[in-house]
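Number 136 marks the last residue of the sequence shown (this note's numbering); no jumps. Every residue gets a Cβ at the ideal spot worked out from N, C-alpha and C, and that includes glycine. Worksheet: the structure to be examined is printed underneath.
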Amino acid sequence: MKLITRDTDYAIRALCYIAKRKKTVVSVKKLVRDLKIPQPFLRKILQHLNKAGLLKSYKGKGGGFELSRKAGTIFVADVMKIFQGPLKCNGHIFKKSLCPHIKTCVLKTKLDMIQKHVVSDLKSISIESLIKKR
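See the structure below:
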């Protein structure tokens, strides 16, 4: 099980990088060079973040991206939801369909508690807290 996908990881890294530069517009070229993320891949990620309202984009010479919200209001769970959909650690899926034992599963209650805890923690980690810890 992967908790965070590569897209989400790259998105969080890009958001942290942009957040450190405060109100400066950061070019894709600079992000690619400093974060060492392939340009086509990063462009797609930045477009998703822009569409979701986490980034503002500027075209033309001197163009690039900046945060559209304060770093303290962008949470890891928000980014995960953009790239991974609803946060679920325990989907009760067996061979691409709902587990037939979901009502009698001895682990379900414990797994649901773990999921609540993980989701709660992810909702409390902001981009600002990530850049301050470094």
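Span separating the alpha-carbon of residue i from that of residue j
i	j	result
V121	I127	10 Å
G87	A79	10 Å
L37	Q49	17 Å
L1	I14	Summary: the structure shown does not reach residue 1, with the chain confined to residues 3 through 136, and so no result is reported for it.
H119	L113	10 Å
I6	K24	26 Å
S131	L124	12 Å
I39	K105	44 Å
Beta-carbon proximity check, residue i vs residue j, cutoff 8 Å
i	j	result
I20	V30	no
A73	I133	yes
I76	L17	yes
Counterpart residues of residue i in DSSP-defined beta bridges
i	result
L69	L57
V28	F67
Assigned exposure category for residue i - 16 Cβ within 10 Å defines buried
i	result
L57	buried
Y12	buried
T10	buried
M115	exposed
F67	buried
*What are the start and end residues of each continuous alpha helix (DSSP H) run of 4 or more residues lying completely inside the region 105-136, in chain order?*
110-126, 129-135
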